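Trainee:
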Amino acid sequence: MGNRAVFLLHEQGESYYFTAHHGANALSPLLRLTQAKQLQEQLPQPQSIAHIFEHLDYDGKYQPERLQDSDMFFQAISLPEMKVCLKDFQNRSNFEMRFIIDLDRNDFQMTYNPNCPWYRTMGSFTIDLDVGIDNVKKLLAHAEERNIKDFGRLLTIYENSTGLADKLESARGYMRFEEYLDSPQAEEDRRRYRELIDRQAEPDEEEMEER
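In numbering that gives the first Met the number 0, the protein residues as written are 0 to 210.
1. Would F176 be called buried (16 or more neighbouring beta carbons within 10 Å of its own) or exposed?
2. On the DSSP bridge assignment, give the partners of E3 in chain order.
3. Just tell me which of R97, T161, E178 has its CA closest to the CA of N2.
4. Can you list the beta strand (DSSP E) stretches of 3 or more residues lying completely in the stretch 72-133, in chain order?
5. Where does L55 sit, in a helix, a strand or coil, going by DSSP?
6. Give me the Cα-Cα distance between Q46 and K136, rounded to the nearest whole angstrom.
7. Does the contact criterion of 3 or more C-beta pairs under 8 Å hold for the stretch 166-175 versus the stretch 111-123?
8. Mind checking whether E105 and D127 have CB atoms under 7 Å apart?
9. Unbroken alpha helix (DSSP H) runs of length 4 or more, entirely within the stretch 151-201: which are they?
10. Out of curiosity, what's the CA-to-CA distance linking D129 and F150?
11. Could you check the C-alpha separation between L30 and K60 for me, to the nearest Å?
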């Protein structure tokens, strides 16, 4: 099923739109942007970040001829398609996160979809792009020193270092609380509590005789 995300990229006064089937996490957008900027310096012909995004595979390599969609990180979409995705993000949980990468304003925003119970309390976060890229470069240097290649481990380190791990755990706790409130166990607990209150409110026989 994946963890789908929607991306808005602003570059040189133009807007570009993408989806990613496995992009709904805090690290992927900045990691892919870092990779794209490195490729931008290496490619023989000048290319925009938007162009590189469309040709970026899951290994962070540039594919001049796109592979099949399942092997590419981003899928470019049109403005009408983007509007449909954003409406879906607002009302449903098919897209777990939304990212805005604004190269013109050096701004990065990520928003967790509150329609996803596990993200209900997360909200949005905004940082300067250059700060985010610098953090990713430090993470990659740390990973190279310790021979860490697994993305899941990198994501864990990133979430711990940015404080997102605590916020995510709090959101999961809130989700578990919501699930409990709607559970048969909660209904049974409420029933027992009402019975206890009713018993406390009724005077026992000895109290009645004394009166």
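We treat Cβ as the ideally placed atom computed from N, Cα and C, and that holds for glycine. These figures come from a predicted structure and were not determined experimentally.
Mentor: Taking the definition as stated:
1. Locating residue 176 in the sequence shown gives position 177, where the first residue counts as 1. It counts as exposed.
2. Against the sequence shown, residue 3 aligns to sequence position 4. With the sequence shown as reference, residue 3 is identified as Arg, and Glu is not the correct amino acid for it. DSSP lists F94 as partners of R3.
3. Indexing the sequence shown from 1 puts residue 2 at position 3. Nearest C-alpha to N2: R97.
4. If we require 3 residues or more, the beta strand (DSSP E) runs fully inside the stretch 72-133 come out as 74-76, 94-101, 106-111, 123-127.
5. Along the sequence shown, one-based indexing puts residue 55 at 56. Looking at L55 - three-state DSSP - the assignment turns out to be strand.
6. Counting from one through the sequence shown, the residue named residue 46 turns up at place 47. Counting from one through the sequence shown, the residue named residue 136 turns up at place 137. The straight-line gap from Cα to Cα measures roughly 22 Å.
7. yes
8. To locate residue 105, count along the sequence shown from 1; it is residue 106. To locate residue 127, count along the sequence shown from 1; it is residue 128. Inspection of the sequence shows that residue 105 is occupied by Asn rather than by Glu. Yes.
9. 163-180, 183-200
10. Looking up residue 129 in the sequence shown gives position 130. Looking up residue 150 in the sequence shown gives position 151. About 22 Å.
11. By one-based count along the sequence shown, residue 30 stands at place 31. By one-based count along the sequence shown, residue 60 stands at place 61. Rounded to the nearest angstrom, the gap between the Cα atoms of L30 and K60 is 12 Å.
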